[in-house]
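Chains as they are written, first to last, in my numbering: chain W, 1 to 119; chain V, 120 to 238; chain G, 239 to 368; chain R, 369 to 498; chain F, 499 to 601; chain D, 602 to 704.
Yeah, the Cβ is synthetic: ideal placement off N, Cα and C, and Gly gets one too.
Since this is a predicted model, take the numbers as computed values, not measurements.
Comments concern the structure below.
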Amino acid sequence: MKIGILVNEGPFTHQASDSAYRFARAAIDKGHEVPRVFFYNDGVFNANKLSEPQSDDRNLVVLWSELAREHDIDLVVCIAAALRRGIKEDILKEGFRISGLGQLVESGIENDRLVVFGD
Amino acid sequence: MKIGILVNEGPFTHQASDSAYRFARAAIDKGHEVPRVFFYNDGVFNANKLSEPQSDDRNLVVLWSELAREHDIDLVVCIAAALRRGIKEDILKEGFRISGLGQLVESGIENDRLVVFGD
Amino acid sequence: MEPWEEEEGPEVVKRFMYVNRKAPYGTIYALENLEVVLIAAAFDQDVSVVFVDDGVYQLKKSQDTAAIGMKNFSNTYRALDDYDVEKIYVEQESLEARGLTEDDLIIPVEVLAAEDLREIMAQQDVVISS
Amino acid sequence: MEPWEEEEGPEVVKRFMYVNRKAPYGTIYALENLEVVLIAAAFDQDVSVVFVDDGVYQLKKSQDTAAIGMKNFSNTYRALDDYDVEKIYVEQESLEARGLTEDDLIIPVEVLAAEDLREIMAQQDVVISS
Amino acid sequence: MKTMLHLVNKSPTDRNSLDSCLRLAKTGSSVLLIEDGVYAALDKATHADAISGRMDDLTFYVLGPDVSARGLADKTLVDGINVVDYEGFVDLVVEHEVAQSWL
Amino acid sequence: MKTMLHLVNKSPTDRNSLDSCLRLAKTGSSVLLIEDGVYAALDKATHADAISGRMDDLTFYVLGPDVSARGLADKTLVDGINVVDYEGFVDLVVEHEVAQSWL
Numbered sequence: 001m002k003i004g005i006l007v008n009e010g011p012f013t014h015q016a017s018d019s020a021y022r023f024a025r026a027a028i029d030k031g032h033e034v035p036r037v038f039f040y041n042d043g044v045f046n047a048n049k050l051s052e053p054q055s056d057d058r059n060l061v062v063l064w065s066e067l068a069r070e071h072d073i074d075l076v077v078c079i080a081a082a083l084r085r086g087i088k089e090d091i092l093k094e095g096f097r098i099s100g101l102g103q104l105v106e107s108g109i110e111n112d113r114l115v116v117f118g119d
Numbered sequence: 120m121k122i123g124i125l126v127n128e129g130p131f132t133h134q135a136s137d138s139a140y141r142f143a144r145a146a147i148d149k150g151h152e153v154p155r156v157f158f159y160n161d162g163v164f165n166a167n168k169l170s171e172p173q174s175d176d177r178n179l180v181v182l183w184s185e186l187a188r189e190h191d192i193d194l195v196v197c198i199a200a201a202l203r204r205g206i207k208e209d210i211l212k213e214g215f216r217i218s219g220l221g222q223l224v225e226s227g228i229e230n231d232r233l234v235v236f237g238d
Numbered sequence: 239m240e241p242w243e244e245e246e247g248p249e250v251v252k253r254f255m256y257v258n259r260k261a262p263y264g265t266i267y268a269l270e271n272l273e274v275v276l277i278a279a280a281f282d283q284d285v286s287v288v289f290v291d292d293g294v295y296q297l298k299k300s301q302d303t304a305a306i307g308m309k310n311f312s313n314t315y316r317a318l319d320d321y322d323v324e325k326i327y328v329e330q331e332s333l334e335a336r337g338l339t340e341d342d343l344i345i346p347v348e349v350l351a352a353e354d355l356r357e358i359m360a361q362q363d364v365v366i367s368s
Numbered sequence: 369m370e371p372w373e374e375e376e377g378p379e380v381v382k383r384f385m386y387v388n389r390k391a392p393y394g395t396i397y398a399l400e401n402l403e404v405v406l407i408a409a410a411f412d413q414d415v416s417v418v419f420v421d422d423g424v425y426q427l428k429k430s431q432d433t434a435a436i437g438m439k440n441f442s443n444t445y446r447a448l449d450d451y452d453v454e455k456i457y458v459e460q461e462s463l464e465a466r467g468l469t470e471d472d473l474i475i476p477v478e479v480l481a482a483e484d485l486r487e488i489m490a491q492q493d494v495v496i497s498s
Numbered sequence: 499m500k501t502m503l504h505l506v507n508k509s510p511t512d513r514n515s516l517d518s519c520l521r522l523a524k525t526g527s528s529v530l531l532i533e534d535g536v537y538a539a540l541d542k543a544t545h546a547d548a549i550s551g552r553m554d555d556l557t558f559y560v561l562g563p564d565v566s567a568r569g570l571a572d573k574t575l576v577d578g579i580n581v582v583d584y585e586g587f588v589d590l591v592v593e594h595e596v597a598q599s600w601l
Numbered sequence: 602m603k604t605m606l607h608l609v610n611k612s613p614t615d616r617n618s619l620d621s622c623l624r625l626a627k628t629g630s631s632v633l634l635i636e637d638g639v640y641a642a643l644d645k646a647t648h649a650d651a652i653s654g655r656m657d658d659l660t661f662y663v664l665g666p667d668v669s670a671r672g673l674a675d676k677t678l679v680d681g682i683n684v685v686d687y688e689g690f691v692d693l694v695v696e697h698e699v700a701q702s703w704l
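Here it is, written out as structure tokens:
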């Protein structure tokens, strides 16, 4: 089954990104497809490659990027939400791309499910 | 009177930074001193100079920076909170500096009041 | 092409519901959710927008943000009609708990009791909330 | 130097209260508030830490975060004692509403009824919450 | 005993912060409603009693700019609540010895 | 009529999301408590009745990893709640036609 994911909060401040990441991994482990994860609201902060959590803490920016590379997931950061929050190409982690909200609607149309994680 | 301010949320997502900014301006207009504003939790995003809100929207990063220049306010971004959220010197707006949590405690000691704005 | 393949094609219309449960200005969710709805309207899907709990405050008339320095986006809800978003539901219980009536709202809506809104929610294909 | 200048000097001890009202892990506030308290302990001030509402969940014993991939910071509360932070208050009403007792907590605390906690809160010079 | 100003910035129908503030605010304190906290001042809403029931022992204020922003200037507020602007907010902080935010 | 999975991620003593979900969830739906939502599953807590009162017409699940993280593995959960892990979470999403998050 194809499952789309929407993440509305940044890493660390809320658990939303952690939950979405664990869910995505479990879905893939069970043989499902996660074609796209869309990042909206503060979710755009998940793409900030400057993030440097303490060494004994998880780094969600890296985890998403690696998961995307391994399983060919399209990580899309909303351009409008990213601009006002100062997430630009210069600081975008590998594996993420900036695009429009239409990609979220498409995710809803093309996937069998859409699961939303937020505050 | 000397009034310290603590901002715990980023610009745009919560009203906290707007409220703190309006409060700081009003305090200064009334002849009080605002020696320092401390940015903690997601408040560190207020220092991101890449922020580019829509042209008809307010830009809190710029507003804080200008207020600090005009009234000699020390804008301090917590280093621990900033590191995990990827707010580094490279993208720090003029007028902000990165320092430790001790600066928040000092603000509580040295000011007559400390007002907290958050989620 | 088999018949079921055609059913899975892009021309299938899905029912999208956008749920608003948060007050405006205190947080950005109301504004950014509205931005999603305006984009979604451009796709040939069935779109409905729901306001429950503090979300009903988004539609309050007479918003004036001059003194807080934020952009007043309440007039943008009027654009929903231009974008052919016509299914706009407001939960009656949420209005009543806040001492509001339909007359307080900036656009015409369909006010529904929880029991009726529940039926409409259960007919959606995609529910997006914030 | 006049006597009142001495009173305003840096050696004046202020009462700082750190208020925790949020559950751990769902949001970062519990962790980052604890980080403030540990720094604050190094200053020669009077420090107290309060847990009310869902903040009492921060002190629940037996936290095990292995399966959610987040750092378990609950043992750090034990360090408060090493940092000479000894005024740790938990509101009784908050515990009871959540079906918890003092035995559920990872560190010894002073459990106070709301009416007593209210008196202590009203004696502080600086209150920092998150 | 310090004179305290309690700040509540969340809607009472969304969060518990007003309830907790009222439970722990000492007689003689002041409460200022800001941001989404101003919805608690609506006279006809479910939380109106929580405030009007404490009018005798607490003093209530609401931030006018946040009231207007939310379109509540045309609604009746709970009787006895004082409306202030940002300058009045500053005055309240100055007049009370401690400000406590119920985040 | 779609089969629905409702996701609640907030504590019932902090936010209104569980209440709203229960008010608007149709008979036959499932509710999965995740993140701080798992506190609603505590048997002795104030919200236990909200859930046990709906055991007949809704099916309740709670995410085990979030229960353990919060130190609730040693507490009694409301009778009849099913504990699942992330793989079980995925199964629930697959088994129900629509997932609705109560943010």
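Which residues in chain F sit within 7 Å of residue i, going by Cβ to Cβ distance?
i      : result
R616/D : D512, R513
A482/R : R521, L522
L468/R : Within 7 Å Cβ-Cβ: nothing; L468/R doesn't reach chain F, min ~17 Å.
Listing by chain order, which chain R residues have their CB less than 8 Å from the CB of residue i?
i      : result
H71/W  : Within chain R, no residue comes near H71/W; the closest Cβ sits about 17 Å away, beyond 8 Å.
N160/V : I396, Y397, E400, S498
S518/F : R389, V420, D421
Do the CB positions of residue i and residue j come within less than 8 Å of each other?
i      : j      : result
A482/R : R521/F : yes
G672/D : K428/R : yes
V61/W  : K88/W  : no
D452/R : A408/R : no
R36/W  : Y687/D : no
T13/W  : N230/V : no
Y457/R : I488/R : yes
Y386/R : V417/R : yes
V695/D : V115/W : no
K382/R : Q413/R : yes
Y393/R : M438/R : yes
L194/V : R216/V : yes
A490/R : M499/F : yes
A139/V : F236/V : yes
Using the Cα positions of residue i and residue j, report the straight-line distance between them to the nearest angstrom.
i      : j      : result
L223/V : N165/V : 16 Å
D680/D : L643/D : 10 Å
A187/V : R85/W  : 21 Å
D493/R : T265/G : 30 Å
G162/V : P563/F : 22 Å
V285/G : V250/G : 14 Å
F281/G : F39/W  : 20 Å
A200/V : S430/R : 27 Å
R513/F : W703/D : 14 Å
S107/W : G4/W   : 6 Å
E470/R : A649/D : 20 Å
K30/W  : E9/W   : 25 Å
For residue i, go through chain W and note every residue whose CB falls closer than 9 Å to its CB, in chain order.
i      : result
M438/R : Q15, D18, D57, R58
Between the options, which has its C-alpha nearest residue i's C-alpha?
i      : options                        : result
G629/D : T604/D, K611/D, L678/D         : T604/D
D119/W : K2/W, L6/W, M1/W               : L6/W
L556/F : A571/F, A567/F, V565/F, N580/F : N580/F
V349/G : D363/G, Q361/G, A360/G, E334/G : E334/G
I549/F : S566/F, V565/F, V591/F, L530/F : L530/F
E270/G : T303/G, L355/G, G293/G         : G293/G
G467/R : K645/D, D692/D, S702/D         : K645/D
R486/R : G535/F, S599/F, C519/F         : C519/F
Y640/D : V685/D, N610/D, D657/D         : N610/D
P172/V : I79/W, M1/W, G100/W            : I79/W
How would you list, in chain order, the residues of chain W whose beta-carbon sits under 8 Å from the beta-carbon of residue i?
i      : result
S702/D : V115, V116, F117, G118
For a contact defined as C-beta to C-beta under 7 Å, what are the partners of residue i on chain D?
i      : result
Y491/R : According to the sequence as given, residue 491/R is Gln; it is not Tyr. By Cβ distance, chain D contributes nothing, its closest Cβ being about 27 Å from Q491/R, past 7 Å.
Would you mind telling me which residues of chain V sit closer than 8 Å to residue i, beta carbon to beta carbon, in chain order?
i     : result
I98/W : Correct list: empty, because the minimum Cβ distance to chain V is about 12 Å.
Show which residues of chain R have a CB atom less than 9 Å away from the CB atom of residue i.
i     : result
R85/W : Per Cβ cutoff of 9 Å: no residues; R85/W is ~17 Å from chain R at best.
For residue i, go through chain F and note every residue whose CB falls closer than 9 Å to its CB, in chain order.
i      : result
K149/V : E585, V588, D589, V592
Please list the partners that residue i has in chain V, where partner means a Cβ-to-Cβ separation under 7 Å.
i      : result
I532/F : S138
message = Could you tell me which whole beta strand (DSSP E) segments of length 3 or greater appear in the segment 400 to 487 of chain R?
response = 414 to 419, 455 to 459, 478 to 480
request  = Enumerate, from N- to C-terminal direction, the unbroken beta strand (DSSP E) stretches of 3 or more residues contained entirely within the segment 56 to 108 of chain W.
outcome  = 74 to 78, 96 to 99
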